[in-house]
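With the working numbering applied, the sequence shown corresponds to residues 162 to 600, in that order.
Beta carbons are placed, not taken as given, at the ideal position from N, Cα and C, and that holds for glycine.
Okay, structure first, notes after.
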Amino acid sequence: MCSNGSGGCGTTEDLMPEEVKLDLKEDKLCPRCNTNAGEVVLRSKDIYCKTCLLHYLNHKFRAALGKSKLMRPQDKALIAFSGSHSSMALLHLIHEGMQLSSHKRILFSVCAVYIDDGSVAKLSISERRKVNSGVQAAMSNFEHYFICIEQSLGPNNATLYSNAEELPLDKYSEDGELNKLFETVTTLSSRQYLLQTLRQNLLNQAAKKLNCTKIFTAETQTDLATKIIANIALGKGAHIPMDVGFSDDRTDDLITLRPLRDFSSKEVIYYNLFNDLAAIHVPSLATLADPLGSLQKAAESFVSDLQTNFPSTVSTVFRTADKLSLDLSTLDPAKSCALCKAPLDTRSDLASSSMGATKFSRLVSNATREELNAVQVTSSDDVTSQETVGLQSGLCYACQYVIKDMKSSQEGVGEEILRKTLEEESLSVMENQIKDFIL
Ligand SMILES: [Zn+2]
Ligand SMILES: [Zn+2]
Numbered sequence: 162m163c164s165n166g167s168g169g170c171g172t173t174e175d176l177m178p179e180e181v182k183l184d185l186k187e188d189k190l191c192p193r194c195n196t197n198a199g200e201v202v203l204r205s206k207d208i209y210c211k212t213c214l215l216h217y218l219n220h221k222f223r224a225a226l227g228k229s230k231l232m233r234p235q236d237k238a239l240i241a242f243s244g245s246h247s248s249m250a251l252l253h254l255i256h257e258g259m260q261l262s263s264h265k266r267i268l269f270s271v272c273a274v275y276i277d278d279g280s281v282a283k284l285s286i287s288e289r290r291k292v293n294s295g296v297q298a299a300m301s302n303f304e305h306y307f308i309c310i311e312q313s314l315g316p317n318n319a320t321l322y323s324n325a326e327e328l329p330l331d332k333y334s335e336d337g338e339l340n341k342l343f344e345t346v347t348t349l350s351s352r353q354y355l356l357q358t359l360r361q362n363l364l365n366q367a368a369k370k371l372n373c374t375k376i377f378t379a380e381t382q383t384d385l386a387t388k389i390i391a392n393i394a395l396g397k398g399a400h401i402p403m404d405v406g407f408s409d410d411r412t413d414d415l416i417t418l419r420p421l422r423d424f425s426s427k428e429v430i431y432y433n434l435f436n437d438l439a440a441i442h443v444p445s446l447a448t449l450a451d452p453l454g455s456l457q458k459a460a461e462s463f464v465s466d467l468q469t470n471f472p473s474t475v476s477t478v479f480r481t482a483d484k485l486s487l488d489l490s491t492l493d494p495a496k497s498c499a500l501c502k503a504p505l506d507t508r509s510d511l512a513s514s515s516m517g518a519t520k521f522s523r524l525v526s527n528a529t530r531e532e533l534n535a536v537q538v539t540s541s542d543d544v545t546s547q548e549t550v551g552l553q554s555g556l557c558y559a560c561q562y563v564i565k566d567m568k569s570s571q572e573g574v575g576e577e578i579l580r581k582t583l584e585e586e587s588l589s590v591m592e593n594q595i596k597d598f599i600l
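This is the structure we're talking about:
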């Protein structure tokens with residue numbers, strides 16, 4: 162039933178009137194200091210001068226870390242640097258926090274890591290060298306390292322390079338095994354999903370090697386609102402609290418934190434503008450793709466439209482998802498997905514599970530009339546008894562879709578590459594777990 166009380170549903174304008182935006186045409190003073198001229202309007206109504214905005218954002222960043230009580234002075238955090246506006250801001254906020262002389266000073270240590278995935282985006286070696294030298298300059302205030310995304314397929318012992326020029330780009334080029342894997346994946350949605358998951362796994366590997374107990378990502382509220390919508394569309398709704406929460410502890414001994422999750426993309430842009438920081442343009446897998454070319458791109462363009470016309474709605478999407486928690490009755494916390502490491506959400510015995518629904522739908526779509534009649538009298542256990550086999554059985558619902566999106570004509574090349582990687586990874590985890598017991 163429509164709840165607006167007008168006796169019928171209104172148009173979009175009635176339901177979501179465009180927000181009234183304050184502009185700064187008149188010389189308005191910043192109400193925080195009453196001294197400087199206002200330069201920025203946030204949330205369509207709050208005016209800030211440059212000094213007050215920088216003070217507010219620095220305070221917001223340190224308060225988010227302080228409130229979580231997760232960072233200890235002896236911790237070492239790995240900053241996942243991508244060259245984006247938000248990762249430039251993240252490095253600068255940490256650097257500023259370390260320079261303070263008061264008790265608010267950041268005491269934990271950090272190192273920055275950049276993953277070169279230029280071969281997946283088909284960049285030439287000289288383009289990659291140019292990007293990497295810009296990245297190196299941006300990370301120069303911290304201990305920093307480079308890795309190539311191809312190393313996510315190698316043994317669980319990625320080599321980290323402290324100098325961008327040492328990266329063996331010729332070895333990790335377009336015709337390597339990683340591109341063979343990506344070429345077998347037919348949809349851009351699955352290619353983007355696979356790349357993001359391999360990047361996260363490589364960051365975990367690097368963090369362990371560098372003795373880091375935390376990973377910081379630079380995802381803003383706007384990025385996370387996009388991720389929420391995209392992940393629901395990708396069938397990853399069960400893991401939303403892990404994928405967008407402040408902290409994510411799905412990996413043993415390692416916590417991923419998102420300290421910019423209360424920042425909007427507009428706040429980040431102004432932070433960089435006032436600090437003279439320029440983002441590094443790194444072409445990615447989806448840079449030139451159509452805005453509706455993948456589920457992630459469609460979610461991105463939807464949220465970007467909201468950000469322009471209805472900025473508070475982005476925050477509503479984010480806050481609504483923030484109230485969700487993991488439903489442990491439908492997940493299996495003891496078993497994690499071999500690819501994304503989240504608890505498995507593939508219990509097909511539950512009538513309401515996505516897996517059960519998908520299997521039922523597939524069965525009904527492919528069935529003849531006689532088979533359909535038989536299905537109507539069959540219990541849901543029988544309907545969902547066709548268990549997935551092989552590599553897919555160890556993957557969550559969303560990760561299984563990557564395998565399903567691989568070309569069958571390639572005779573399982575992609576699946577084989579992925580299987581080998583995941584087997585090597587789980588062997589190495591096992592070796593690590595038992596090494597203390599081996600004499
Ligand atoms: Zn001010
Ligand atoms: Zn998964």
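About 5 Å separates the Cβ atoms of Leu485 and Pro402, confirming a contact at the 8 Å cut-off.
Taking a C-beta distance under 7 Å as the contact criterion, Cys191 and Tyr209 qualify as a contact pair. For Leu415, DSSP records a beta bridge to Thr412. Taking 7 Å as the cut-off, the beta carbon of Leu415 is found no closer than this to the beta carbon of Ser408. The secondary-structure analysis by DSSP pairs Phe242 across a beta bridge with Tyr275. If you draw a straight line from the Cα of Asp466 to the Cα of Ala460, it comes to about 10 Å. For Lys375, the enclosing beta strand (DSSP E) covers residues Lys375 to Phe377.
Excluding sequence positions up to five before and after Asp423, its CB lies within less than 7 Å of the CB of Lys221, Ala225 and Gln382, all in the same chain and listed in chain order. Membership of Val202 in the beta strand (DSSP E) is indicated by the continuous run Val201 to Leu203. If the five residues before and after Ser270 are omitted, its C-beta is found closer than 6 Å to the C-beta atoms of Lys237, all from its own chain and listed in chain order.
Beta-carbon to beta-carbon, Leu446 and Val281 are separated by about 6 Å, close enough to satisfy the 8 Å threshold.
If the five residues before and after Leu356 are omitted, its C-beta is found closer than 7 Å to the C-beta atoms of Asp278, Val281 and Leu446, all from its own chain and listed in chain order.
In this structure the stretch 386-396 does not touch the stretch 427-446; the number of beta carbon pairs closer than 8 Å is below three. Using a 10 angstroms sphere on the CB of Asp404, the tally of other CB atoms reaches 16 or more, which defines it as buried. In the DSSP assignment, Asp404 falls within the unbroken alpha helix (DSSP H) covering Ile401 to Val405. Membership of Ile286 in any beta strand (DSSP E) is not indicated; the residue belongs instead to the alpha helix (DSSP H) covering Ile286 to Ala299. Shown here for Leu349: same chain residues with a beta carbon closer than 7 Å to its own, the five before and five after excluded, namely Ala447, Ala450, Gly454 and Ser455 in chain order.
Here the C-alpha atom of Pro452 lies approximately 14 Å from the C-alpha atom of Gln353. The continuous alpha helix (DSSP H) containing Ile389 extends over residues Gln382 to Ala394. Taking the Cβ of Leu395 as the reference point, every heavy atom of ligand 2 lies at 6 Å or farther away. Residue burial annotation: Cys373 is buried, with at least 16 other C-beta atoms found within 10 angstroms of its C-beta. When the Cα atoms are used, Phe463 and Ser426 turn out to be separated by approximately 14 Å.
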